[in-house]
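Single-structure report; data block below.
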Amino acid sequence: MAYAYPRDGALDYFPCRYGNSRLLFRGPRRDLDAPYAAILGGTEVYGKFVPRPFPDLLEERLGRPVVNLGCVNAGLDAFLNDADTLQVARGADWAVIQALGAQNLTNRFYTVHPRRNDRFVAASAELRALYRDVDFTEFTFTRHLLAVLQARSPARFAAIAAELQATWRDRMTRLLSRLPGRRFLLWLGETAPPAGHAADPLALSPFVDATMLRALGPLVDGVVEVRLDPPGQDLSGLAFSPLDARLPPPSRPPPTTAALPRPWPRPCPQPANEPARPAFRRPVSCSKPVSSGTRAALLHRPAADRRSPFPGQSFPATFVPGVQNAVKPSSTATRTWNAAT
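Under our numbering, the sequence shown has 262 at position 266, and the numbering climbs by one with no breaks.
Here it is in structure tokens:
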């Protein structure tokens, strides 16, 4: 469960919904009776940590309402599966659609959450057959899943990348065909759309290349490319809560497994008032056979040497350790440890 509420130093995003949509957008909610424009996209359009996202700046420059339909971590499926959001986008005079990555799409290899598209839900039988050496219960997010699969076997991963690109072209074509007004495709990235094969799961728009954008040319009125600064270089214009400010910047590399402390073995602290415990010694197996006389002496010890691990306690005879299965005492009888052994 996630909680979204303003804290000291945090932005108030004025979250709102349109119609009966289950998607949460950044507000304040715009009036849809007057002519308006709409921008569909992910976290960059939503403007997380940004006091004034670019849809607000565009609204100020145009002098007309611009509906911010950016949804955090959304993919194309979030908009295609929500009829009320599509209705708002259809009512716009013109719409801008961000070229979101292809990793957050349900395809024949895996399923994503219908609204929070970055969440991995389940692997298909075809993916399990392709990667029999992977435990898919360890994954929650699509980027983590794809990064591990690519590192495990780039040759096998090529089939997944091709499937994601084909799925992206199909979903983007369906989304654009449902918008009757003017349509513009928006590319947000640190560089221009890659000319070749784009198969980096950690890119801003994974698996989307220039060839895929050009193929959508007949369906849009134009393609807008916006270059972004590298992440983590300048955070002065962003607004963080005290909790968010403690997080590392996006450009900081994650710690390697070699740098992490090993959780086991860990020494157990010993109270000062207790005597020193003897060191544990692994039992040594005896290579010589034990004679019957020695075995009998070990099994039939005198009563004085038989120490109870639970002194003074009694147990039902059927639960006393050491009682043979052949011994069937009375169901109501109880025996002490010493009596049973």
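Beta carbons are placed, not taken as given, at the ideal position from N, Cα and C, and that holds for glycine.
Check: Roughly how many whole angstroms lie between the Cα atoms of Arg57 and Arg167?
Finding: Distance between the alpha carbons of Arg57 and Arg167 is about 31 Å.
Notebook entry, point to check: Taking the alpha carbon of Val41 as the point to measure from, which residue in Asp52, Leu160, Phe137 has its own alpha carbon closest?
Noted result: Among Asp52, Leu160, Phe137, the Cα nearest to that of Val41 belongs to Asp52.
Check: Of the residues Leu182, Arg152, Gly185, His109, which one's Cα is nearest the Cα of Leu126?
Finding: The shortest Cα separation from Leu126 among Leu182, Arg152, Gly185, His109 belongs to Arg152.
Check: Between Pro110 and the rest of its own chain, which residues show a CB-CB distance below 7 Å, the 5 nearest in sequence each way excluded?
Finding: Cβ neighbours of Pro110 beyond the five flanking positions: Asp73, Asn77.
Next item on the list: With distances taken Cα to Cα, identify the nearest neighbour of Val219 among Pro61, Val92, Ala88.
Entry: Val219 has its Cα closest to that of Val92, out of Pro61, Val92, Ala88.
Check: Whose C-beta lies closer than 8 Å to the C-beta of Arg18 among residues of the same chain, with five residues either side of it excluded?
Finding: Counting only Cβ-Cβ distances below 8 Å, and skipping sequence neighbours, we find Asp78, Arg111.
Margin query: With DSSP as the reference, identify every bridge partner of Gln94, one or two as the case may be.
Written below: Leu182.
Checklist line | Residue closest to Pro61, alpha-carbon to alpha-carbon, out of Ala95, Gly192, Cys67, Arg26 | finding: Looking at the Cα atoms, Arg26 is the closest of the given residues.
Next item on the list: Figure out for me which residue from Glu221, Leu65, Arg48, Gln99 has the closest Cα to the Cα of Gly71.
Entry: Answer by Cα proximity: Gln99.
Checklist line | Touch test, the region 168 to 180 against the region 100 to 109, Cβ-Cβ under 8 Å, three pairs minimum | finding: Note that the region 168 to 180 does not touch the region 100 to 109; fewer than 3 beta-carbon pairs, one per stretch, sit closer than 8 Å.
Item checked: Spatial distance of Ala157 from Asp29 (CA atoms) -> Note on geometry: alpha-carbon atoms of Ala157 and Asp29 lie some 42 Å from one another.
Notebook entry, point to check: In terms of residue numbering, what span does the alpha helix (DSSP H) encompassing Tyr9 cover?
Noted result: Neither: Tyr9 is in no alpha helix (DSSP H) and is coded neither H nor E.
Next item on the list: State buried or exposed for Asp89, treating a residue as buried only when at least 16 other CB atoms are found within 10 Å of its CB.
Entry: Classification for Asp89: exposed.
Next item on the list: Would you tell me roughly how many angstroms separate the C-alpha atoms of Arg170 and Tyr14, rounded to the nearest one?
Entry: The alpha-carbon of Arg170 is positioned some 21 Å away from that of Tyr14.
Check: Do you know whose CA, among Ala199, Ala162, Glu221, Thr81, lies nearest Leu184's CA?
Finding: Taking only the C-alpha atoms, the option nearest Leu184 is Glu221.
Note to self: Quick check on this structure: which residue in Phe132, Asp131, Asp205, Val63 has the alpha carbon closest to the alpha carbon of Ala95?
What the structure shows: In this structure, Asp205 is the residue among Phe132, Asp131, Asp205, Val63 with its C-alpha nearest to the C-alpha of Ala95.
Notebook entry, point to check: By Cβ distance, which residues of its chain are closer than 7 Å to Asp80, with the 5 residues on each side in sequence left out?
Noted result: These residues qualify, in order along the chain: Tyr14, Gly15, Asn16, Ser17.
Notebook entry, point to check: By a C-beta neighbour count over all protein chains shown, 10 Å radius and 16 as the cutoff for buried, is Pro150 buried or exposed?
Noted result: The Cβ neighbour count for Pro150, taken over all protein chains shown within 10 Å, is under 16; the residue is labelled exposed.
Next item on the list: Can you tell me which of Asn69, Asp129, Gly37 puts its alpha carbon nearest to the alpha carbon of Arg139?
Entry: Ranking the options by Cα distance to Arg139, first place goes to Asn69.
Item checked: Euclidean distance between Cα positions of Asp225 and Leu231 -> Approximately 11 Å between the Cα atoms of the pair.
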